[in-house]
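Read in order, the letters of the sequence shown are residues 8 to 544 in the numbering used here.
We put the CB at the ideal spot given by N, CA and C, even for glycine.
These notes are about the structure you will find just below.
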Amino acid sequence: MSSKTLQYLIGAVKNVAHFGDTDVFPYPVENQIFFDKTAEVSELLFERHKRFKEALKSYPPIQQSMLSAVGYTGLRWATQLDPLWNAYLLAMVMSIGEEIESVRIPVAREIVFSYRYAWNRTDSNIFSRDVGWVDFQRKSVEHAGKFASVLMCDISDFYPRIYHHRLENSLKKAAAGSDAIWRIMRLLKYFSKNVSYGLPVGGPAARLLSELLLNRVDKLLLAEGIVFCRYADDYHLFSASEEESYKQLVSLSTKLLENEGLLLQKGKTRILTSDEFLRTSEFSDLNQPDSPLETSSREFMRLRLYYDPYSPTADEEYESLKAELARFDVVGMLAREIRKSRVHQALTRKLVNAIQHVDTQQKSGAVVSLIDSLEALYPVMPAVIMTIKSVLPELEESTKQAVFRRLRQLLAAGSYMLTVPAHLAYTVRLIANDPSEESDELLVRTYNQSTSSSIRRDVILAMAVRGSDYWISDLKNRFSLLSPWEKVAIIIASHTLPGDEGDHWRKNTRDGFTDFESLVDRWAEERRASGSWKVPI
């Protein structure tokens, strides 16, 4: 049992290191430590596993909930979890992943297409790449060709409204007797701040747990003979008439409310004729593009941009990806989107991400377009910032200066775009590379004004990257007053202090380090000794 637990812990640490802990916020620095120190982090978690109750008291899980943008005017709460406990939660869910998958409607029935558990120990992925959103859309088109009416709907505030008691019952049904269940539920209680509902948004553990919760409603729909497809909280139900679709709407709403305490979103619930559905689906032959430009956009949307730099065949895969992208005028397509009053968010996000893989000579021009059009690109601003950061070394100096000048203006003015905490988090990481002294002042102001531990942590790392040792030196004197995430950052940053100042401080402070902080200290020391280390942010 112990060796199996350690295997799941190693798998979870590798998954977080490769794929991140959330799809909303920037990767925390801990992910880099997970990648470099997988065995040591896993052993540390195993020790916490063996004394779980005591570890929860000694190292209570922390989290950071922040707003992120949804469209031009929508906002949602998302949560970045304590990195260590997030990996532990994932390991516990993985340990019963096969049991959860076994009770769900089988993949072969082509009904539920989201987050099918299939742990790949080679690439650390835990979800099948053979089934997903595209398959959901294509199957929906197939069903629509056989029925007269389609009900489209999704669940309102899905993750925040999941009741723990109902989830626990589903876990006990799927994996009876598993030691992992009570551990999962204890962690969820901490992460939900002692209320009895809510899953953290964004991580793979929550995705798999949410799929299990909806499994009962899925089977109830099947028992009634309803033909449907589901991807996460999106449902498509098919029937012979509009009247029958209304009956399905009542039935689904009742089942969700009575069984899981969930409601459908009113604004996204629609009943369409099959012809209407097919003429609006990008996967239907009836919805023909109006122009070659639209044809190109649709083909681009179906392109798979995933690239794993750690794959054994990474070089070949990258060349293949570049060859595929060469068929498209990425920069021109992006320029057309920017000129619209409101961009097509999915297409624009994919185009922005693709800039990382276009020819070097095109990158500076593309980045100038991005930085000059941030208002239009507001809904996809995290993708914009991440892309610019990834191509920064390849940009012309004048382009870099234009980027940093624009970001300084936004920070100095307190722009509405940066009042969204998720946007600010990404911006801090990019402006860390700005040599301007003004950015020091803006980052310090951001640190002093922010109540977010994750943003304050990243400001510390940004100041270390910038070589602002005067500020790091002063802040380290308040180490005991910092949040756990800030402490990790200041330990890393102390390795950039001149002379023996950092060594002397750590020597006098190490006795108070937690087990993970001690590991962080050793990791930073080893990286610094390698001679080519730069503070990761």
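For residue 261, the three-state secondary structure derived from DSSP is helix.
Under the DSSP assignment, residue 282 falls in the alpha helix (DSSP H) whose first and last residues are 281-287.
Under the 8 Å Cβ criterion, the segment 83-96 does not count as touching the segment 105-124, having fewer than three qualifying pairs.
Beta bridge pairing from DSSP links residue 84 with 74. The straight-line gap separating the alpha-carbon atoms of residue 405 and residue 369 is approximately 14 Å. Restricting attention to 158, 68 and 44, the CA atom closest to the CA of residue 55 is found in 68. Contact check between the segment 236-248 and the segment 153-172: three or more CB pairs, one atom from each, fall below 8 Å, which counts as touching. The residues 100, 174 and 206, in chain order, have a CB closer than 7 Å to that of residue 216 in the same chain once the five nearest residues on each side in sequence are set aside. According to the DSSP secondary-structure assignment, residue 161 is paired through a beta bridge with 241.
According to the DSSP assignment, residue 108 belongs to the alpha helix (DSSP H) that extends over 104-110. Pairwise C-beta distances place the segment 278-285 out of contact with the segment 182-202, as fewer than three of them are shorter than 8 Å. Contact annotation: the segment 178-188 does not touch the segment 288-305, with fewer than three C-beta pairs closer than 8 Å. Here DSSP, grouped into helix, strand and coil, assigns residue 425 to helix. Runs of the alpha helix (DSSP H) lying entirely within the segment 162-211 and spanning at least 4 residues, in chain order: 171-181 and 187-198. For secondary structure counted as the alpha helix (DSSP H) over 4 or more consecutive residues, the segment 317-354 holds these complete runs in sequence order: 321-332 and 337-345. Residue 124 has 134 as its beta-bridge partners, per DSSP. Assigned with DSSP and collapsed to three states, residue 405 falls in helix. Collapsing the DSSP output to three states places residue 480 in a helix. Taking the C-beta atoms as reference points, residue 519 is found no nearer than 9 Å to residue 490.
According to the DSSP assignment, residue 462 belongs to the alpha helix (DSSP H) that extends over 460-472.
For the segment 18-78, the full-length alpha helix (DSSP H) segments reaching 4 residues or more read 37-43, 45-57 and 59-65 along the chain.
Across the structure, residue 440 and residue 93 are spaced so that their CA atoms are roughly 29 Å apart. Restricting attention to 59, 24 and 62, the CA atom closest to the CA of residue 46 is found in 24.
Scanning its chain for C-beta atoms nearer than 8 Å, with the 5 sequence neighbours on each side dropped, one finds around residue 356 the residues 387 and 390, in chain order.
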